[in-house]
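In what follows, a single structure is set out as structure tokens and then discussed.
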Amino acid sequence: MLASPDHKNKTYELTASRAWSFEELASTLSELSGKPISHRQDPQVQNWIYGFLSKLDTSSTSLDLEQLIGGPVATLKESIQPFIAP
36 MLASPDHKNK TYELTASRAW SFEELASTLS ELSGKPISHR QDPQVQNWIY GFLSKLDTSS
96 TSLDLEQLIG GPVATLKESI QPFIAP
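Just so you know, my numbering puts 72 at position 37 of the sequence shown, and the rest follows in order with no gaps.
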């Protein structure tokens, strides 16, 4: 599909169509796992994952991916659910 001339020299933002927050992520993880999970920032905790996560732009949205695949993208919950053991 992207090899067609219509897409030449075009830039697509392949992001979620809806913004999400880390609080929403914690709430979704709690719902799916059945365990209380909260998000809190602790500057005393030093771990590579916090540096990585802090650089994620969860507020940037675009409908480009939905238009390219011809339908809605998975929600945050739908994206996480396969990784949570029942």
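Glycine included, every Cβ here is placed at the ideal spot set by N, Cα and C.
A distance of 7 Å or more separates the beta carbons of D99 and E58.
If you draw a straight line from the Cα of I115 to the Cα of L64, it is about 8 Å long. Taking one beta carbon from each stretch, the region 38–53 and the region 83–91 have fewer than 3 pairs nearer than 8 Å; the two do not touch.
The beta-carbon separation of A61 and H74, rounded to 4 Å, stays under the 8 Å limit for a contact.
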